[in-house]
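Just below is one structure, and these are the notes that go with it.
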Amino acid sequence: MENFEKQFSPLNLPEKPESNIESRAEKEKKLNVSMGFLFNCRTVDGLAEKLNLATKEGKLDSVMLDEYDLSIEEVNANLQRISGMAKEKMVDIILAADNKHRRQGDKFERISWDIRKEEIKSSGAVLLDEGITAEEINDSVGYYFGKDGNIYAFPKTWVHPIHSIPGTKTAVVICGEIGYLTPEQLEDLDINVIYNPSRERDDPFLKYRMLGLSDPNMTDEEIHAELMKNETFKELAEGEEEQKQNYQEWFKKIKAIIKEQKDNPSNYVRDVNETLTRKGITVIRSDGEKTSGILNPSPKMKIGELRYQEGYARMAVSVDKE
95 MENFEKQFSP LNLPEKPESN IESRAEKEKK LNVSMGFLFN CRTVDGLAEK
145 LNLATKEGKL DSVMLDEYDL SIEEVNANLQ RISGMAKEKM VDIILAADNK
195 HRRQGDKFER ISWDIRKEEI KSSGAVLLDE GITAEEINDS VGYYFGKDGN
245 IYAFPKTWVH PIHSIPGTKT AVVICGEIGY LTPEQLEDLD INVIYNPSRE
295 RDDPFLKYRM LGLSDPNMTD EEIHAELMKN ETFKELAEGE EEQKQNYQEW
345 FKKIKAIIKE QKDNPSNYVR DVNETLTRKG ITVIRSDGEK TSGILNPSPK
395 MKIGELRYQE GYARMAVSVD KE
């Protein structure tokens, strides 16, 4: 079972033709994006490796890392290299770097925001911190590397929880900032997507909701029908005796996970969901292999090419206009 679990861990959905997402006129779409999640990068070399893997399967418009995967020192030291990746792959890169401490000899020392601020500016990023005081700064700094070469940085702060990227319809909300969003903050923003790089791992059912296994009252027949849409599960269920046994083990495991679910257990966006829906804003969270996906699915949203691979995930998201 262990070897099979390693083999099967991606839980891929069958690939849908790109035309399913791209065939309609752009003017009919509120959002139309191919999205990648890069997990456990740890270093800029790791980022480059995961980015190459994810883009081998096809073009991506945006990729996002989990919070804290890279340190702010490494990001600042490699700012132009990361920007070069974004321009070469024609992809926007969103990350939230660890701003906690810096090694000073054998010790780790908290760095003041005044110092960090100058380091960010001197590295070449445009700092978006208007109205934010040093006392409000938290333990990570967001970075947005545009495919057009623009680089923006913005500190995590629960007082000003949403960071709009100039010249785009994109905003970034870092991890727990999402709990401080208000409808009023969203009303005047002309955006269609919020990226939410995180490191909480506290919504273990998000992956299964993305895979269509969301109702804790699903019957065995309904669960089986959903699993048969997945080519890997289908091959197991219709294979030799050992494969059929593996399928039954996975069926029991997934059935138990589904039965544990509550309706929208994370509730990350409950207080602003009406505003998000009305304005057509999609919230996409990167929070690890089992807890990354879309926080506010809607009837106007279509998700294609959804695949959770080892080290990264991909999906295409399309949202119709009113």
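Numbered according to my numbering, the sequence shown terminates at residue 416, and the numbering increases by one at each position without gaps.
Think of the CB as a built atom: it goes at the ideal place given N, C-alpha and C, for glycine as much as any other residue.
Straight through space, the alpha carbons of A219 and I226 are spaced by roughly 17 Å. Secondary structure of K396 (DSSP, three-state): strand. In this chain, the alpha helix (DSSP H) harbouring D139 covers 138-150. By the CB criterion at 8 Å, A191 and S258 fall outside the cutoff.
Per DSSP, the continuous beta strand (DSSP E) segment holding L189 begins and ends at 186-192. As the crow flies, the alpha-carbon of N244 is around 11 Å from that of L173. Minimum Cα-Cα distance from L283 among the listed residues T264, G270, Y289 corresponds to T264. The C-alpha of G140 lies about 15 Å from the C-alpha of E161. When DSSP reads this structure, A410 sits in a beta bridge with S128, G398. Contact check for I268 against P291 passes: the beta carbons are separated by less than 8 Å. Taking a cut-off of 8 Å for Cβ pairs, the region 138-156 and the region 302-310 do not touch, as fewer than three such pairs fall below it. Per DSSP, R379 is not a residue of any alpha helix (DSSP H); the beta strand (DSSP E) it occupies stretches across 376-380. Below 8 Å, enough C-beta pairs join the region 128-135 and the region 394-407 to call them touching: three or more. L154 and S386 have their C-alpha atoms spaced approximately 17 Å apart.
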